[in-house]
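Asker:
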Amino acid sequence: MTREDIIKTINTFLIEELEIDENLIQEDALLKEKLGIDSLDFVDIVVIVDREFGIRIKNEEMKEIKTLGQFYNFIDNKLNNQ
529 MTREDIIKTI NTFLIEELEI DENLIQEDAL LKEKLGIDSL DFVDIVVIVD REFGIRIKNE
589 EMKEIKTLGQ FYNFIDNKLN NQ
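As numbered in this note's numbering, residues 529 to 610 make up the sequence shown, in order.
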């Protein structure tokens, strides 16, 4: 899966499931502060990542991710290092 595929899958989920404004979705967007993602949303994100990509995310790993770009990179790295 390419990085573009990862971005498209994640962005679609953010827009459709979490109802985040498409205009806010940028690589430098802060997950909590700019996108308004809270702890319940993070649970949904962990589930979708497991379902869509087959990747388990630990709480400690999510705490380190601050921006959407970091999240894309995290998924990309996990997929390419399995």
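Beta carbons are placed, not taken as given, at the ideal position from N, Cα and C, and that holds for glycine.
All values derive from a computational prediction rather than experimental measurement.
#1: So who's on the other strand from L558, going by DSSP bridges?
#2: Quick one: what does DSSP say E545 is sitting in, helix, strand or coil?
#3: Quick check on the DSSP output: the alpha helix (DSSP H) that includes R584 runs from which residue to which?
#4: Using alpha carbons as the reference points, say which of M590, E532, E550 lies closest to V490.
#5: Use the C-beta contact count for V577: other C-beta atoms within 10 angstroms, 16 or more gives buried, fewer gives exposed.
Answerer: On the basis of the supplied data:
#1: The count along the sequence shown starts at 1 and reaches residue 558 at position 30. The partner list for L558 (beta bridge, DSSP) reads T595.
#2: Counted from its first residue, the sequence shown places residue 545 at position 17. In this structure, E545 counts as coil in the three-state DSSP scheme.
#3: Looking up residue 584 in the sequence shown gives position 56. Per DSSP, R584 belongs to no alpha helix (DSSP H) and is neither H nor E.
#4: Residue 490 lies beyond the stretch modelled for the chain, which goes from 529 to 610, so this question has no answer here.
#5: Residue numbering aside, residue 577 sits at position 49 when the sequence shown is read from its first letter. The residue is buried, with at least 16 neighbouring Cβ atoms inside 10 Å.
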